[in-house]
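**Student:** I'd like to ask you about the structure that follows.
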Amino acid sequence: MTKVVGFGGVFFKAQDPEALRAWYTTHLGLEFDAWGSVSFRFPEASPAGRDVYAVWSPFKADTEYFSPSKGSFMFNFRVDDLDGMLDKLIAEGVEVLPDRVDEDGCGRFGWAVDLEGNKIEFWQPPLLER
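By UniProt numbering, the letter at position 37 of the sequence shown is numbered 37, and the numbering carries on one by one without gaps.
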């Protein structure tokens, strides 16, 4: 049975993402990557030397990436079978967005909308690709 296998990250809107990143760097020591995200790595959970991580990332307040949601956040869940998860949700009557994206080296992504209209991102990392 396809399922969520972990938490991939949390993405949220910020009025001034650059200033917020600087604040978190100064006060909490967070180090941001080129995409403006912090990746929390879990080497003890990484099979065969592959990275297992969760992402924390502020987005511009006017981002369309969370659409169709009007919310200020989006959760990302790691899944063991992206197509299986999205097909299961469709069969259960959940709104699944039509796009599925394959990011070379990063994995596969798909999206759905929860009961309250929040966009959810599903991520099948390369290690779990079928």
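We treat Cβ as the ideally placed atom computed from N, Cα and C, and that holds for glycine.
Identify which residue in Val113, Gly9, Ser39, Asp99 has its Cα closest to the Cα of Gly71.
**Tutor:** Of the candidates Val113, Gly9, Ser39, Asp99, the one whose C-alpha sits nearest the C-alpha of Gly71 is Val113.
**Student:** Can you give me the C-alpha to C-alpha distance between Val101 and Trp23, rounded to a whole angstrom?
**Tutor:** Their backbone Cα atoms lie some 32 Å apart in a straight line.
**Student:** Can you list, in chain order, the residues of its chain with a C-beta nearer than 6 Å to that of Pro98? Leave out the 5 residues immediately preceding and following it.
**Tutor:** Excluding residues within five positions, none has a Cβ falling inside 6 Å.
**Student:** Please report how far the alpha carbon of Gly9 lies from the alpha carbon of Ala61, in whole angstroms.
**Tutor:** Approximately 18 Å, taken between the alpha carbons.
**Student:** Which residue marks the beginning of the beta strand (DSSP E) containing Ala54, and which one marks its end?
**Tutor:** Its beta strand (DSSP E) spans residues 53-60.
**Student:** Taking the C-alpha atoms as reference points, what is the distance between Glu121 and Lys88?
**Tutor:** Their backbone Cα atoms lie some 15 Å apart in a straight line.
**Student:** Answer with buried or exposed for Glu103, where buried requires no fewer than 16 other C-beta atoms within 10 angstroms of its C-beta.
**Tutor:** Result: exposed.
**Student:** Based on DSSP bridge pairs, tell me the residues matched to Phe78.
**Tutor:** According to the sequence as given, residue 78 is Arg; it is not Phe. Note: Arg78 sits in a beta bridge opposite Gly6, Trp123.
**Student:** Grab me the residues of Thr2's own chain with a C-beta within less than 7 Å of its C-beta, minus the 5 sequence neighbours each way, in chain order.
**Tutor:** Counting only Cβ-Cβ distances below 7 Å, and skipping sequence neighbours, we find Val79, Asp80, Asp81, Gly84, Met85, Lys88.
**Student:** Using 8 Å as the threshold, is the C-beta distance between Pro125 and Gly105 below it?
**Tutor:** For Pro125 and Gly105, no; Cβs fall outside 8 Å.
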